[in-house]
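J.: In our numbering, each number is its position in the sequence shown, counted from 1, plus 411.
Built from N, CA and C at the ideal position, the CB exists for glycine as well.
Note that the structure is predicted; figures quoted are calculated from it, not measured.
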Amino acid sequence: MHRVVRIGACLLVGLALLVAAWGVVEAKAPSTAAWTVMVYLDGDNNLDPDAHVDMAEMAAVGSTASVNVVVLLDEFDGPANLLKVNLGGSQIVNGFPLNGKEADMGDGATLATFVDFVVAKFPARHYLLDLWDHGDDFRGFAWDDHPYADGSLGSDFMTHTEIINALAGHHFDVLAFDGCVMSNLEVAYEYAARGVSADYLVASEEYIPNQGFAYDTILGPLVANPSMDGYALAKAIVDSYVAYYDGGGWQVGLSVIKLAEAPTLVGAVFDLASALEANMPAYRDCIGEGRGAAHLGWSMYGWEAFVDFPTWATTVRSCLGPDAWLGPLFDGVDAGLASAVLYVRNAHALDVKGAGGVGVFYPGSEGSFVKNVYWHGDYFLGTRFAADGWYAFLQAYWGGK
Numbered sequence: 412m413h414r415v416v417r418i419g420a421c422l423l424v425g426l427a428l429l430v431a432a433w434g435v436v437e438a439k440a441p442s443t444a445a446w447t448v449m450v451y452l453d454g455d456n457n458l459d460p461d462a463h464v465d466m467a468e469m470a471a472v473g474s475t476a477s478v479n480v481v482v483l484l485d486e487f488d489g490p491a492n493l494l495k496v497n498l499g500g501s502q503i504v505n506g507f508p509l510n511g512k513e514a515d516m517g518d519g520a521t522l523a524t525f526v527d528f529v530v531a532k533f534p535a536r537h538y539l540l541d542l543w544d545h546g547d548d549f550r551g552f553a554w555d556d557h558p559y560a561d562g563s564l565g566s567d568f569m570t571h572t573e574i575i576n577a578l579a580g581h582h583f584d585v586l587a588f589d590g591c592v593m594s595n596l597e598v599a600y601e602y603a604a605r606g607v608s609a610d611y612l613v614a615s616e617e618y619i620p621n622q623g624f625a626y627d628t629i630l631g632p633l634v635a636n637p638s639m640d641g642y643a644l645a646k647a648i649v650d651s652y653v654a655y656y657d658g659g660g661w662q663v664g665l666s667v668i669k670l671a672e673a674p675t676l677v678g679a680v681f682d683l684a685s686a687l688e689a690n691m692p693a694y695r696d697c698i699g700e701g702r703g704a705a706h707l708g709w710s711m712y713g714w715e716a717f718v719d720f721p722t723w724a725t726t727v728r729s730c731l732g733p734d735a736w737l738g739p740l741f742d743g744v745d746a747g748l749a750s751a752v753l754y755v756r757n758a759h760a761l762d763v764k765g766a767g768g769v770g771v772f773y774p775g776s777e778g779s780f781v782k783n784v785y786w787h788g789d790y791f792l793g794t795r796f797a798a799d800g801w802y803a804f805l806q807a808y809w810g811g812k
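(1) Compute the Euclidean distance between the alpha carbons of residue 803 and residue 698, then round it to the nearest angstrom.
(2) Output the boundary residues of the alpha helix (DSSP H) element that contains residue 469.
(3) If we ignore side chains and look at the alpha-carbon of each, how far apart do residue 594 and residue 532 end up?
(4) Within 10 angstroms of the Cβ of residue 734, are there 16 or more other Cβ atoms? Answer buried if so, exposed if not.
(5) Can you have a look at residue 636 and say buried or exposed, based on whether 16 or more other CB atoms are within 10 angstroms of its CB?
(6) Look at the Cβ atom of residue 522, then the Cβ atom of residue 577, and state whether they are nearer than 7 angstroms.
(7) Output the distance between the C-alpha atoms of residue 541 and residue 761, rounded to the nearest integer angstrom.
(8) Should residue 704 and residue 747 be called a contact, given that it needs their Cβ atoms to be closer than 7 angstroms?
(9) Quick check on the DSSP output: what are the complete beta strand (DSSP E) runs of length 3 or more inside the region 543-625, in order along the chain?
(10) Could you tell me how far apart the beta carbons of residue 696 and residue 767 are, in whole angstroms, since I believe they sit closer than 8 angstroms?
(11) For residue 484, which beta-bridge partners are listed by DSSP?
(12) Report the three-state DSSP secondary structure of residue 806 (helix, strand or coil).
(13) Can you tell me whether DSSP reads residue 432 as helix, strand or coil?
(14) When you compare only the Cα positions, how much space is there between residue 776 and residue 674?
(15) Could you round the C-beta distance between residue 446 and residue 587 to whole angstroms and report it? I think they count as a contact, below 8 angstroms.
(16) Which class does residue 665 belong to by DSSP, given the choice of helix, strand or coil?
(17) Residue 555 and residue 517: beta carbons closer than 7 angstroms?
(18) Can you confirm whether the region 607-621 touches the region 651-666 when touching is taken to mean that 3 or more C-beta pairs between the two stretches lie within less than 8 angstroms?
(19) Since residue 545 contacts residue 456 with CB under 8 angstroms, what's their CB separation in whole angstroms?
(20) DSSP has residue 754 in a bridge; who is on the other side?
(21) What does a CB cutoff of less than 6 angstroms around residue 603 pick up in its chain, not counting 5 residues either side in sequence?
(22) Considering only residues of the region 681-769, which uninterrupted beta strand (DSSP E) runs meet the minimum length of 3 residues and lie entirely inside it, listed in chain order?
(23) Compute the Euclidean distance between the alpha carbons of residue 585 and residue 649, then round it to the nearest angstrom.
(24) Do three or more CB pairs link the region 794-809 to the region 680-691 at distances below 8 angstroms?
(25) Can you tell which of 537, 786, 625 has the C-alpha that lies nearest to the C-alpha of residue 641?
(26) I need the DSSP call for residue 800, collapsed to helix, strand or coil.
(27) Inspect the beta-carbon positions of residue 569 and residue 553 and report whether they are closer than 7 angstroms.
(28) Secondary structure at residue 500, three-state DSSP: helix, strand or coil?
(29) Quick check on residue 791: does DSSP put it in helix, strand or coil?
(30) Using DSSP's beta-bridge definition, name the partner residues of residue 785.
(31) Assuming contact is defined by CB atoms lying nearer than 7 angstroms, are residue 791 and residue 549 in contact in what I supplied?
Take a look at the structure:
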């Protein structure tokens, strides 16, 4: 569901560095830094080895007077601890209430505790919140295989409602998802419509390999230039990611979405969808052609139900040809995409498909939507994107009217 395992010597070196360098740092409120980078690192599942790889990457740069790097790490075979990452190692931050406990990283209350504590103890002019783990589109994020206080096996994950509630009252310059299939209209619209205060969303409409972001090449430029703004850091995350995986055949990409523009984009999408819905028998073939062209070849876990939205819109417009009524509606969608999806980069294997950086849920038939258990239709129907217009469009396309 998220990433292909890649573990090397970096893991062994990283573990040695981190274990050797761990100490305890008092949670005193320092003078305001330029940036606080907070990473919610849920390694309490099959990604535990990769969590340590990424910790080692962070420790290759570490915190400075201008940049705090603070991580809540929950390991598969150990408790959670809040860590301040320094050059060459990490220190446990004293006073964090979940230190040494079997925290449930799949519980929104854990995320809220983390964010509240870090913002209070590591004040900064700018904040990056990086959520690290398995992602599952509109269903949720962060699976914990030891969700119980006694450490027994189970399974829990955060719904987007839990995440949104946990972030209430805080502002983030950048909200990043280091996990699969989170750059889609459903997620961006849900977060914006429900009041999440974040300037930029960094996410992928594709799979993300197990090792995730390349944290050393993200933090290095930030530490060297802590005056960079949120958009510059968001772009740096994208550039670092694509540079890391490009050339190896990886079908990966990453996008920067201006969250405040998501409702305008989605409004334009619904205007177009309503117009197409009104004359579906005449438009269905071209709409289906768009769905086929926008399919990115996903097959695992049912994610073939997602398509690249910009490709869909462009293909449908081209198929229909000039249309005095629909033309302005397509123009509105294009303008919305230009304002909301600010920066997209794909590795070569995905770039040749022309992916535009943001996906949309688009099952091919109502039967597949109802019967494919991996699509979690009940969660989809609970999204604002579905309720506000897209589900009605899908029903019309499937032949409901």
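T.: Working from what's here:
(1) If you draw a straight line from the Cα of residue 803 to the Cα of residue 698, it is about 15 angstroms long.
(2) Per DSSP, residue 469 belongs to the alpha helix (DSSP H) from 459-470.
(3) When rounded, the separation of the alpha-carbon atoms in residue 594 and residue 532 is 31 angstroms.
(4) The residue in question, residue 734, is exposed, as its Cβ has fewer than 16 Cβ neighbours within 10 Å.
(5) By the neighbour-count definition (other C-beta atoms within 10 Å, threshold 16), residue 636 is an exposed residue.
(6) Cβ atoms of residue 522 and residue 577: closer than 7 angstroms.
(7) Each residue's alpha carbon lies about 24 angstroms from the other.
(8) Their beta carbons are not under 7 angstroms apart, which means residue 704 does not touch residue 747 by this criterion.
(9) Counting only runs of 3 or more, we get 551-555, 567-569, 582-589, 608-614.
(10) Not a contact, Cβ separation roughly 22 angstroms.
(11) DSSP lists 452, 492 as partners of residue 484.
(12) Residue state, collapsed to three classes: helix.
(13) Because the pLDDT at residue 432 is just 46, under 50, the model does not fix this residue reliably, and the value given afterwards should be weighed accordingly. Reduced to three states, the DSSP call for residue 432 is helix.
(14) C-alpha separation (whole angstroms): 27 angstroms.
(15) Contact flag wrong, Cβ pair sits at about 13 angstroms.
(16) The three-state reading of DSSP puts residue 665 in strand, counting E and B together.
(17) For residue 555 and residue 517, yes; Cβs fall inside 7 angstroms.
(18) Contact between the region 651-666 and the region 607-621 is present, because at least three Cβ pairs lie under 8 angstroms.
(19) Confirmed, Cβ separation roughly 7 angstroms.
(20) Assignment of beta-bridge partners to residue 754 by DSSP yields 667.
(21) Excluding positions up to five away in sequence, the list reads 670, 673, 674.
(22) If we require 3 residues or more, the beta strand (DSSP E) runs fully inside the region 681-769 come out as 717-719, 752-757.
(23) If you take the alpha carbons of residue 585 and residue 649, they lie about 12 angstroms apart.
(24) Yes: the two stretches touch, three or more of their Cβ pairs being nearer than 8 angstroms.
(25) Out of 537, 786, 625, 537 has the C-alpha closest to the C-alpha of residue 641.
(26) In the three-state reduction of the DSSP assignment, residue 800 falls in the helix class, which pools H, G and I.
(27) Yes, these two residues count as a Cβ contact at 7 angstroms.
(28) Three-state result, residue 500: strand.
(29) Three-state result, residue 791: helix.
(30) Answer by DSSP bridge pairing: none, since residue 785 is not bridged.
(31) Yes, the pair counts as a contact, with Cβ atoms nearer than the cut-off.
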